[in-house]
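**Q**
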Amino acid sequence: MPLPHLLLAVAVMAVWGTNFVVIAFALEHLPPLLLAALRFALVFFPLALFVKRPAGVSWRNLATYGVLIGAGQFGLLFLAMKDDITPGLASLVVQSQIFFTIGLSMRLSGERVGFYQWAALALATSGIAIIFANSGGGATPLGLGLVLLAALCWAGGNITARGAKGAPMLPYIVWSSVFAVPPLVVLAFVFEGWPAIEGGLRDADAASWAAVVWQSVGNTLFGYTAWQWLLARHPAAVVTPMALLVPIFGRSASAIVLHEPMPAWKLIAAGLVLAGLALNLLWPLLRERVRARGQA
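Letter by letter, the sequence shown follows residues 1318 to 1613 of my numbering.
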C-alpha cells in the first residue's frame, strides 16, 4: 500500500476511534436516541438531493440496513454511552461485531468457521468477561449488554449490506439513513419524552451541534467513503486489519481527553480482545503468505 493510502487508512481509523469521545461530548446535552436521529437525518438530507439511490438495491434492503445500523447499532450504543459505559471500553467491546458477523454468516449461509476463528473468539470473549467481572469500573452490566446488542445489530447490517451486491457505499449509506430516522424519533418520544427532547435541543451548545455534524460528515460520509475507496484499490486482507487501530485510538483519546482511568484489568481485557481481533484478521493473510512462499 503506498504511503498516501496508508496515511488515509490511518486517518479513517483515527476518525472512527476518536469519534467515541465526540459522542461523549454530544451526550452531555442531547438525549442519546435524539442524537442518533439527528445524526442520520443529516446524513440523508441534503445529500439525497444530489446522490442518486443505488441502482439494483431494493428498498427492503435499504430499510433493513437503516434500521439495524441506525436504531440498532447507534441507538443502543448511544444509550449505553450515556451513563453505563466509558467511550474507551465502548470502542473496544463494539468490535465484537466481527465475531457476530462470522456467527451470522455461518448460521445463514453455511460458511465454515476455522479453528483460528474459534481461538480468536475465545480470546476476545475472555477480555469481555474481564470487563463484565469488573462492572462498575467503567461499564455496568446494562451498558455492556447494550453495546453487545449494538455489535450484533452491526453484524446484521454487515450481512444485509452483502445483499447490496457491491453497491457504492456513499449512496447506500445516504439512502439507507432515511429509514433510521423514523424509528429513532418514535423511540426518543417513547423512552426519552418530549421534555427531555425539548430540553436537549434548547441546552445544546455549539460544541454539541459540532459533534452532531461531525457524526454525519466526518465519521459517516468521509469515513465510509474513504474506506470503500481503499477497499476498491487494495486487497481486503491488506485493508481490513487496519480496523485494529479503532479501539486503540478510541481508548487513547478517552484516556487523554476524558481522563478515563486505565487500571491493569482494563489493559489486560483490551489486550485479549485486540489479540482475538488480530488473530481473526491477520491469520488468513499470514497463511496465504506462507503458502505463496512454499509454492515459489
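Heads up, the beta-carbon is just placed ideally off N, CA and C, and yes, glycines get one too.
Suppose the cutoff is 8 Å on Cβ atoms and the five residues either side in sequence are ignored; what does the same chain contact list for E1345 look like?
**A** Here residue 1345 refers to the residue found at position 28 of the sequence shown. For E1345, where only same-chain residues beyond five positions count, the Cβ hits under 8 Å are S1525.
**Q** Does the distance from the C-beta atom of G1373 to that of S1494 stay below 8 Å?
**A** To locate residue 1373, count along the sequence shown from 1; it is residue 56. To locate residue 1494, count along the sequence shown from 1; it is residue 177. No, these two residues do not count as a Cβ contact at 8 Å.
**Q** Can you give the beta carbon distance from G1462 to A1587, rounded, assuming they're within the 8 Å contact cut?
**A** As a working mapping, residue 1462 is identified with position 145 in the sequence shown. As a working mapping, residue 1587 is identified with position 270 in the sequence shown. Not quite, the Cβ-Cβ distance comes to about 19 Å (not below 8 Å), so this is no contact.
**Q** Less than 7 Å between C-beta atoms, sequence neighbours within five positions excluded: which residues of the same chain meet that for T1542?
**A** Locating residue 1542 in the sequence shown gives position 225, where the first residue counts as 1. M1486, L1487.
**Q** Any idea which residues DSSP pairs I1402 with across the strands?
**A** In the sequence shown, counting from the first residue as 1, residue 1402 sits at position 85. A1456.
**Q** Which value, in whole angstroms, describes the spacing of the CA atoms of A1570 and G1611?
**A** Residue mapping note: residue 1570 aligns to position 253 of the sequence shown, counting from 1. Residue mapping note: residue 1611 aligns to position 294 of the sequence shown, counting from 1. Cα to Cα, A1570 sits roughly 42 Å from G1611.
**Q** Under 8 Å Cβ to Cβ from R1429, same chain only, skipping five residues before and after it: list those, please.
**A** Along the sequence shown, one-based indexing puts residue 1429 at 112. For R1429, where only same-chain residues beyond five positions count, the Cβ hits under 8 Å are M1423.
**Q** In terms of alpha-carbon separation, which member of L1575, A1595, G1567 lies closest to A1328?
**A** Taking the first residue of the sequence shown as position 1, residue 1328 is located at position 11. The shortest C-alpha separation from A1328 is found at G1567.
**Q** Given a cut-off of 8 Å, decide if I1419 and W1582 are closer than it, judged by their beta-carbon atoms.
**A** Numbered from its first residue, the sequence shown carries residue 1582 at position 265. Numbered from its first residue, the sequence shown carries residue 1419 at position 102. No, these two residues do not count as a Cβ contact at 8 Å.
**Q** Cutting at 7 Å between CB atoms, please list the residues of its own chain near L1385, excluding the five before and the five after it.
**A** Walking along the sequence shown from the start, residue 1385 turns up at place 68. C1470, G1473, G1474, T1477, listed in sequence order.
**Q** Can you round the beta-carbon distance between Q1390 and P1564 to whole angstroms, since I take them to be within the 8 Å contact cut?
**A** If you number the sequence shown from 1, residue 1390 lands on position 73. If you number the sequence shown from 1, residue 1564 lands on position 247. With a Cβ gap of about 16 Å, Q1390 and P1564 do not count as contacting.
**Q** With a 10 Å radius around its C-beta and 16 neighbouring C-beta atoms as the bar for buried, classify A1614 as buried or exposed.
**A** Since the first and last residues shown for the chain are 1318 and 1613, residue 1614 lies out of range.
**Q** Starting from Q1434, trace the alpha helix (DSSP H) in both directions and tell me its first and last residue.
**A** On the sequence shown, residue 1434 is found 117 positions in, with the first residue counted as 1. Its alpha helix (DSSP H) spans residues 1432-1450.
**Q** Mapping DSSP to helix, strand and coil, what is A1521?
**A** Start at 1 with the first residue of the sequence shown, and residue 1521 comes out as number 204. Coil at A1521, not helix or strand.
**Q** Apply the 10 Å Cβ neighbour rule to D1400 and answer buried if 16 or more other Cβ atoms are within range, or exposed otherwise.
**A** Sequence index remark: in the sequence shown, residue 1400 carries index 83 (1-based). Classification of D1400: exposed, given that the 10 Å Cβ count is below 16.
**Q** Among L1459, Y1433, F1362, L1359, which residue has its Cα nearest to the Cα of L1393?
**A** Translated into positions along the sequence shown, residue 1393 becomes position 76. Among L1459, Y1433, F1362, L1359, the Cα nearest to that of L1393 belongs to L1459.
**Q** Would you tell me roughly how many angstroms separate the C-alpha atoms of V1556 and A1437, rounded to the nearest one?
**A** Counting from 1 along the sequence shown, the entry for residue 1556 is found at position 239. Counting from 1 along the sequence shown, the entry for residue 1437 is found at position 120. Going from the Cα of V1556 to the Cα of A1437 covers about 19 Å.
**Q** For F1361, does the count of other Cβ atoms within 10 angstroms reach 16, so buried, or fall short, so exposed?
**A** Counted from its first residue, the sequence shown places residue 1361 at position 44. Buried.
**Q** So, at 8 Å on beta carbons, what are the nonlocal neighbours of V1339 in its own chain, with the 5 sequence-adjacent residues on each side left out?
**A** Numbered from 1 along the sequence shown, position 22 holds the residue referred to as residue 1339. Within the same chain, V1339 has close Cβ partners A1528, W1531, Q1532, N1536.
**Q** With E1605 and G1455 assumed to form a contact (beta carbons below 8 Å), what rounded beta-carbon distance in angstroms separates them?
**A** The count along the sequence shown starts at 1 and reaches residue 1605 at position 288. The count along the sequence shown starts at 1 and reaches residue 1455 at position 138. No, E1605 and G1455 are not in contact; Cβ-Cβ is about 38 Å, not under 8 Å.
**Q** Tell me which residues share the same chain as F1539 and place their Cβ nearer than 7 Å to its Cβ, disregarding the 5 neighbours each side in the sequence.
**A** As a first step, residue 1539 is located in the sequence shown; it is residue number 222 there, counting from the start. Answer for F1539: V1332, listed in chain order.
**Q** Quick check on this structure: which residue in A1484, V1464, V1368, L1323 has the alpha carbon closest to the alpha carbon of L1409?
**A** Taking the sequence shown and counting its residues from 1, one reaches residue 1409 at position 92. Looking at the Cα atoms, V1464 is the closest of the given residues.
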